[in-house]
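Participant:
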Amino acid sequence: MADNEVGETGVGQDTNGRNGREAEFAAEWRDAAYNCFSSGHKFCREVCPVMQVTRNENHSPTAFHANVIAMEQGLVSVEDTARDYVHCTQCGACELRCPNTLFTGDFYRYRTRTVDVVKAMRALAVEQGVEQPAWKRWNELTDERRNEPVLGEVPVSQEHVADWAAGLELPLGGETVLFCDCEAAFYRTSLPRAVAQILKAGGVEFGLMREQWCCGGPAAEMGYIDQARRFAEHNVADWRAVGAKRILVLDPHDYIAFTEDYPRFFGDDFDFEIVLVVELVAELVREGKLALTQPVERVVTYHDACRLNKRKGIHEAPREILRAIPGLTFKDVDHVSQWSYCSGAGGGLPIERPDLTAEISRRRVERAAELDVDTLVSACVWSERPLSEQGAAGERPLEVMDLMELVARSAGLDGGEVRA
Amino acid sequence: MTAAATAIGDGVLDELRDILGGDEYVLPDVPARVNRTRVPAPFPVHRWGEFLPDVAVLPRTTGHVSEVVKLANRHGIPVVPRAGGTGLADGAVPLRGGIVVDVKLMNRILDIDLVDRTVTVQTGINMLTLNRELKQHGVIYPDDPASYPCSIVGGRIGTSGWSLIGGRYGHTRDLVISMELVLPTGEVIEVGDGGGRKVRKSSTGFQLKHLFMGHQGTLGIATEATLELVPRPELEFAAFFAFSDYQTAWEATGALAKSGLATLAGVVLFDEWKLAYLRRDDEAYIPQPHTVRAVIASAMYGARDEVEPAAKRLMRIAKETGGKYLGDEISQGDWASRHDRYATPLHGRLKDGQVVPMCWHCEDASIPYSALPAVREEWHAIAKRYIDRYGIFDDWGMFAYTNGAYKPWGDYLTEIDIGIWEQELDDENWAAWVDCKREIAEVALRHGGSITACHGATRAGDVELVPQEMGGGFEVMKKIKAALDPNNVMNPGKYLLDQAYEGENGREAVR
């Protein structure tokens, strides 16, 4: 549809550049949006972690699509609606629960694209100068420091990005490089230490980057596409400079960036093998290359990391590892039931709406507590801070550990002190 | 340029904020209004702006709802109740702006009484969510529409919903024991069969419970409901049978429904158009050979000791009436996914086979068993005429479901599913759709049926026929409306009830 054919509502006819851009945006996304709009049944509502708390239809995946049609009709502008799009953790539950994905997905190779729609609308907002204050600040600081301004004891700067590896004697570069997420590098350092020790114990050779910047994924999630791309370009250049061909990834958010954003940025030139540490460790255990011999006397349940379970369909490897740890009592909740679970820590939500993240985490921890467990195990470092806060706040404290921290213990590695 | 500014002044918005206790519960912003305008039924997208409310509010208590309704009466502002927004009769679509009372934040479970077997909830709760909590107590609330994962108790009351397993457990009207209700003037009352919040059968006074179900928000807003609890069924038995022609399958449907088996939850008859559609476009459906031209799905629920022998009887009846059992895979798998399947059609096909996104019209007439074969022929013929002429419709076939609670043999919820390519809607195409809809409803009335078994008859294409279907009862409806809602603030414009305020009944409609 050409801009000047949009009709009497005047979207495309306006000489105002922004409205023209909105019409273009609506034209680009209209079919994806209509696939939701024309169904309109809102199966997504009760699995969406944000909707479970706010119950406000503005925040529903249905609304995120319908707004595109309303924009085409000239009823809604990006300025009107940008704030609504903050209310999404990009967990992907809605896409899976959508009847369109469930029952025609395979046939038509179709999956409802809420996450893409949300990212695109956020990008349009930033492009049009409609910015969310906390996101703006977060991305400015990230740009300045090259890593996300996570709060912790380690100051965020390139000088300290590999402090977590002190004493581990990890080389620089090589064919295989371990990418360490910002939250792990500066806050939950016990995780990358555990991972590095596990990989060494399993005979995996790897090195670190010369200058590891943020993966750029969070910027892309919040709509700062240019910044995301600049960061991606830096990291890829660094990988090439040290001769890397294989990238080990310990955080699901980075995994999304490297398997979805980077290929979009670089096309066929992006020829790196991206390996998820959880899957690699499951393989090491399966093949007997990593012996889990030390009993871990804990009663645990597993929190399916949204970006693994819902976005990537990875739910078996973490369970396989948990079942291999001696001494552990594992009370599982199946991965489909966990479509409606989330920590609330994704998609920039904790930056703009920390209150919602806390409430989503509180509910997740409450579910775990109902199982009479002492530990909630996660495989997503970003989930672990808000879940830990809520775990500590409950009547009966619940410890939150990363799966790799548990593996390190069971493999007899020190793994570093786990951050409470 | 975006949607017009809200027609409600700052003074009213401030009053609403005072009542609701905060800015976050009063939403005059454009997306809040735009996204509380439509429901999944076919919608004239090109006229979206005509249906916007002026503000949405999110109450948390009955008191909030009552105060909002009183304010609406003081200022003459329309009030439109909205629960899940998943209804198919436009009950929650504002016709004259006003205040949308969105009850979704009223989603608390107030009381689980395992002794008198009731659960009392606020009406913003979803049934699947409720049952997740109830299940640990060995009971369920068996209101089980196709929209089970998304519809909400308040909307079930407002539409007087129908349950897929209603033959065994009853429908919404049988499962809601009593409710707390805000009347159109803001008073709060409790209504049940008589009095007594947990009493299932009473002869005291008028039977008001039925009056306050299925009114599509024109007679008030239910804010709390006391619901029936039943034992969690030990056994669910589903069986699908194939037939080579519709007539034989129709006869077998009747034989199964009349079996008198108390555990029988429902019998569903698929016609050949439906099978063709499933073969064509539903990858979850396990395809049947082309010799199969009709299918029956049936299901039983209850204690193992009841269901096992009854299932044997059911299998025997089906066999004796010409049915071929389709095996465990399709029987159990398809039945289990029925809830997810109703919304399958995200797309339809044009005559040349091109796939396009289509929205779904689900006709839901109640048709006497005897008239099903004739109605089926007439409905498909109507659909064909409109498909041929306009090129934006698609015929997705028919289902007929046993309709009566506990005695599921007399009439059937009869559904023809029609796809509509919304992207192409303009005034002409929309008018064509409404005409098609009306022709379909007229067939139902001509055969002694009712326009709707479960959605309501508030939409264009249906509503014009309501006085014909209701006869003298429509005059009573108007008198009740005028008496309970003297200012015509509750969902005005619905069910032609503006007529209640014309002539001797009183004043003109508010807006």
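Keeping their order, the protein sequence lines are chains A and B. First residue of the first sequence? That's 66 in our numbering, and the numbers climb one at a time after it. First residue of the second sequence? That's 414 in our numbering, and the numbers climb one at a time after it. All C-beta atoms in this analysis are idealised placements derived from N, C-alpha and C, irrespective of residue type, glycine included.
For the beta strand (DSSP E) that B:Ile634 lies in, which residues bound it at each end?
Facilitator: Ile634 to Glu641 is the span of the beta strand (DSSP E), which, as asked, contains B:Ile634.
Participant: My guess is that A:Tyr150 and A:Arg120 are in contact by the Cβ rule of under 8 Å, so how many angstroms apart are they, rounded?
Facilitator: Contact flag wrong, Cβ pair sits at about 17 Å.
Participant: Alpha carbons only, please: which of B:Arg717, B:Ser560, B:Pro905 and B:Leu632 is nearest the one belonging to A:His106?
Facilitator: Among B:Arg717, B:Ser560, B:Pro905 and B:Leu632, the Cα nearest to that of A:His106 belongs to B:Ser560.
Participant: Short check: CB of B:Pro491 to CB of B:Gly504, under 8 Å?
Facilitator: No. Outside cutoff.
Participant: What are the complete beta strand (DSSP E) segments, minimum 3 residues, inside the stretch 648-683 of chain B?
Facilitator: You should have 648-656 and 677-683.
Participant: For B:Val447 and chain A, any beta-carbon pair shorter than 8 Å?
Facilitator: Taking Cβ atoms only, chain A reaches closer than 8 Å to B:Val447, which makes this a yes.
Participant: Leaving aside the five residues before and after B:Trp846 along the sequence, list all residues of the same chain whose C-beta is less than 7 Å from its C-beta, in chain order.
Facilitator: Cβ within range, chain order: Pro455 and Ile833.
Participant: Assuming B:Asn486 and B:Thr631 are in contact, meaning their beta carbons sit under 8 Å apart, how far apart are those beta carbons, in whole angstroms?
Facilitator: Incorrect: roughly 15 Å between the Cβ atoms, too far for contact.
Participant: Beta-carbon of A:Ile425 versus every beta-carbon of chain B: anything under 8 Å?
Facilitator: It does not; no Cβ of chain B falls within 8 Å.
Participant: Mind listing the chain A neighbours of B:Asp442? Cutoff is C-beta to C-beta under 7 Å, in chain order.
Facilitator: The answer, in chain order, is Asp145.
Participant: For the stretch 129-144 of chain A, which residues have a beta carbon sitting closer than 8 Å to at least one beta carbon of chain B?
Facilitator: Listed by position, the residues of the stretch 129-144 of chain A near chain B (Cβ gap below 8 Å) are Ala131, Asn132, Ile134, Ala135, Gln138, Gly139, Leu140, Val141 and Ser142.
Participant: Are the beta-carbon atoms belonging to B:Glu593 and B:Thr636 less than 8 Å from one another?
Facilitator: It is a contact, given that the beta carbons lie within the stated cut-off.
Participant: Would A:Ala266 and A:Leu478 qualify as a contact pair, given that the criterion is a beta-carbon distance under 8 Å?
Facilitator: Contact flag set, yes.
Participant: Quick check on A:His106 - is its C-beta less than 8 Å from some C-beta in chain B?
Facilitator: At least one chain B Cβ lies under 8 Å of A:His106.
Participant: Is it the case that the Cβ atoms of A:Leu292 and A:Asn374 are separated by a distance below 8 Å?
Facilitator: According to the sequence displayed, residue 292 of chain A carries Gln and not Leu. Not in contact: A:Gln292 and A:Asn374 (Cβ atoms no closer than 8 Å).
Participant: Would you kindly work out how many angstroms separate the C-alpha atoms of B:Val680 and B:Thr661, rounded to a whole number?
Facilitator: Distance between the alpha carbons of B:Val680 and B:Thr661: 15 Å.
Participant: Short of 8 Å Cβ to Cβ, which residues in the stretch 558-580 of chain B face chain E?
Facilitator: The question asks about chain E, but that chain is absent: this structure's protein chains are A and B.
Participant: B:Arg581: buried (16+ other C-beta within 10 angstroms of its C-beta) or exposed?
Facilitator: Answer is buried; the Cβ neighbour count reaches 16.
Participant: Quick one: measure Cβ to Cβ for A:Gly392 and A:Pro360, integer angstroms, because I've assumed they're closer than 8 Å.
Facilitator: Yes, A:Gly392 and A:Pro360 are in contact; Cβ-Cβ is about 3 Å, under 8 Å.
Participant: So is B:His760 buried or exposed if we call it buried at 16+ other beta carbons inside 10 Å?
Facilitator: Classification for B:His760: buried.
Participant: Whose Cβ in chain A lies nearer than 7 Å to the Cβ of B:Thr499?
Facilitator: Within 7 Å Cβ-Cβ: His106 and Lys107.
Participant: Between the alpha carbons of B:Val604 and B:Val514, how many angstroms are there, rounded?
Facilitator: Cα to Cα, B:Val604 sits roughly 21 Å from B:Val514.
Participant: For B:Leu426 versus B:Leu471, is the C-beta distance shorter than 8 Å?
Facilitator: Their beta carbons are not under 8 Å apart, which means B:Leu426 does not touch B:Leu471 by this criterion.
Participant: Which residues in chain A have a C-beta closer than 7 Å to the C-beta of B:Gln836? List them in chain order.
Facilitator: Here the neighbours are Tyr99.
Participant: Give the secondary structure of B:Ala813 by DSSP, where H, G and I count as helix, E and B as strand, and everything else as coil.
Facilitator: Three-state result, B:Ala813: strand.
Participant: Could you list which residues in chain B have their beta carbon closer than 7 Å to that of A:Glu454, in chain order?
Facilitator: Residues of chain B passing the Cβ test: none, with the nearest at roughly 23 Å.
Participant: From B:Arg859 to B:Ile853, what does the alpha carbon distance come to, in whole angstroms?
Facilitator: Approximately 10 Å, taken between the alpha carbons.
Participant: Any beta-carbon of chain A closer than 8 Å to the one on B:Thr704?
Facilitator: No, B:Thr704 lies away from the interface with chain A (no Cβ there is under 8 Å from its Cβ).
Participant: Between the alpha carbons of A:Arg162 and A:Lys184, how many angstroms are there, rounded?
Facilitator: Taking the straight line joining both Cα atoms gives about 19 Å.
Participant: Whose C-beta lies closer than 7 Å to the C-beta of A:Ser104 among residues of the same chain, with five residues either side of it excluded?
Facilitator: Only Pro164 and Asn165 meet the Cβ criterion.
Participant: Taking the runs of the beta strand (DSSP E) that are 3 residues or longer, which of them lie wholly in the stretch 380-452 of chain A?
Facilitator: The qualifying runs are 440-443.
Participant: Which first and last residues belong to the alpha helix (DSSP H) in which A:Ile321 is found?
Facilitator: Segment Pro317 to Ile321, the alpha helix (DSSP H) holding A:Ile321.
Participant: Taking a Cβ distance cut-off of 7 Å, strictly less, list which residues of the stretch 385-414 of chain A are near chain B, in chain order.
Facilitator: Per Cβ criterion, the list is empty.
Participant: Within its chain, find whatever has a CB closer than 8 Å to the CB of B:Ser591; leave out the 5 residues flanking it on each side and keep chain order.
Facilitator: The answer, listed in chain order, is Glu603, Val604, Gly605, Asp606, Gly609, Arg610, Lys611, Val612, Lys622, Ala638 and Thr639.
Participant: Only counting runs of 4 or more residues, tell me where the alpha helix (DSSP H) segments fall wholly within the stretch 453-513 of chain B, in order along the chain.
Facilitator: If we require 4 residues or more, the alpha helix (DSSP H) runs fully inside the stretch 453-513 of chain B come out as 475-488.
Participant: State buried or exposed for B:Val482, treating a residue as buried only when at least 16 other CB atoms are found within 10 Å of its CB.
Facilitator: Looking at its Cβ environment, which holds 16 or more other Cβ atoms inside 10 Å, B:Val482 is buried.
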